[in-house]
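Have a look at the structure below, then the notes.
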Amino acid sequence: MLTVVVTGVGAIIGQGVVRSLRASGLPLRVVGVDRNPDSVGRSLCDAFHAKPRCDESDPAYRRFWRELVSAEQVGLVLPALELDVLYLDSQRELFAGLGVPLALNRSELIALSADKWHCGQAVASLGLPAIPTRQDGDWEMLLSALGPAPLLMKPRDGNGSRGVVRLHDAADHAYWRGRHGGNNLVQRIVGSDDEEYTVGVFGFGDGEALPPIVMRRRLAQAGNTAFAETAHEPAVVAATGTLVRHLRPLGPTNFQFRVEAGQAYLLEINPRFSSSASLRTAFGYNEAAMAVDFYAHARRPATPVLRAGRAWRYAEDFVEYAGDSF
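Here our numbering is used: the first residue of the sequence shown is 646, the next is one more, and so on.
Below you can see the structure in the form of structure tokens.
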């Protein structure tokens, strides 16, 4: 039986990956990893290991991974969080020496995706519509370059909706610039909340990929997908094809778009599983099972048969009793 480590099981992404592995029906033993030892995600796994409370540059963190691989006889690692992707990408040699495959994208795409400015320039060089963007500067200069407020400010690095704010005037700009520091991008707002799409592809690193799954979505306040419905938006499908051919993603990859006037504008690339992984699984696109086939068994995953539908996310209680009575 293959033992698979899933990181970030305290977050919705990691929990979605674990649920997808369970839904696959494959004979797997799932080991969860998270910073939080009290994470509810541990209840979904066969075993759980809390990360040590140290920086990733500390030798103790590297030792944690060595000991985990040995103790659990790990056969595959599925990183669910960006910080885990970045760390494991830097430790490929270590895990190769341990004989453990990592479900990682190409290093070049991981680096490109981590820098929204360079990513936007790369998209524009492919002839795709690019969101008008400037590196942060004088407010009047931004208005002159991007058009009237509101504008959008976001960190140059990072993912999801963390740190993304709307700027309505110069006072907003000064406040958020002071809060976030100077490494920000400012963009024109394209499209609307009703025309936002999340796309899942499983790439093979050579410009080819399985057919994508496209979902129109609405975000929760935390930045995760709260509602999604399967969709076929021609502009999004075409843009995804161009990105796959030129950026050559490897493994689970997420593209996010907004559509305006019939054109698809790329918001960001997540070169990993995304928070919509469990929703994609529900519609037949199980990226976690594909990753097991591809990385652990060197098999090209079969083309999935998709179902159409809608999905909602909601809060749920999980209770673990200490005993029969007080």
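By construction, the Cβ of each residue, glycine as well, lies at the ideal position given by its N, Cα and C atoms.
Asked	Found
Limits of the unbroken alpha helix (DSSP H) element including arginine 729	For the record, residue 729 in the displayed sequence is aspartate; it is not arginine. From DSSP, the alpha helix (DSSP H) with aspartate 729 extends over 727 to 735.
For valine 745, the nearest candidate out of Glu727, Leu713, Asn899 and Gln766 (CA to CA)	Leu713
DSSP three-state assignment for arginine 944, whether helix, strand or coil	coil
Beta-carbon contacts of glycine 827 that lie in its chain and below 8 Å, excluding the five residues immediately before and after	Asp781
C-alpha distance - leucine 924 paired with glutamate 785, whole-angstrom precision	42 Å
6 Å CB neighbourhood of leucine 731 in its chain, flanking five on each side removed	none
Contacting residues, own chain, Cβ-Cβ under 7 Å from valine 835 (five flanking each side not counted)	Ile776, Arg903, Glu905 and Tyr910
The region 682 to 689 contacting the region 930 to 945, beta-carbon criterion three pairs below 8 Å	no
C-alpha gap between alanine 759 and glycine 720, whole angstroms	28 Å
Same chain, Cβ closer than 7 Å to valine 662, neighbours up to 5 away in sequence not counted	Val651, Leu723, Ala725, Phe918, Ala922 and Ala933
Pairwise C-alpha distance: aspartate 817 and glutamate 738	46 Å
Closest residue to histidine 763 among Pro793, Asp700, Gly823 and Asn829 (Cα-Cα distance)	Asn829
Those residues which DSSP pairs with valine 650 across a bridge	Val676 and Val722
Beta carbon of serine 873 nearer than 8 Å to that of threonine 843	Note on residue identity: the sequence assigns alanine, not serine, to residue 873. It is a contact, given that the beta carbons lie within the stated cut-off.
Aspartate 909 - partner residues in DSSP beta bridges	Residue 909 is actually alanine in this sequence, not aspartate. DSSP output for alanine 909 lists Val904 as bridge partner(s).
Coil, strand or helix - leucine 788 by DSSP	helix
7 Å Cβ shell around leucine 912 - same chain, five flanking residues per side excluded	Gln901, Phe902 and Arg903
Residues that leucine 747 bridges to, as DSSP identifies them	Val722
Reduced DSSP secondary structure (H/G/I, E/B, other) of valine 844	strand
Check whether isoleucine 657 and asparagine 931 have beta carbons under 8 Å apart	no
Assigned exposure category for methionine 646 - 16 Cβ within 10 Å defines buried	exposed
When Ile858, Thr885, Tyr959 and Ala884 are compared against glycine 929, the one with the closest alpha-carbon	Ile858
Boundaries of the beta strand (DSSP E) in which histidine 694 is found, first to last residue	692 to 695
Proximity to leucine 895 [Cα-Cα], best of Glu965, Leu787 and Asp851	Asp851
Of the listed residues Leu754, Arg822, Asn804 and Arg801, nearest to aspartate 783 (C-alpha basis)	Arg822
Span separating the alpha-carbon of arginine 680 from that of arginine 698	8 Å
Reference arginine 824, options Pro800, Phe847, Val846 and Glu840, closest by Cα	Pro800
Range covered by the beta strand (DSSP E) that runs through phenylalanine 872	870 to 875
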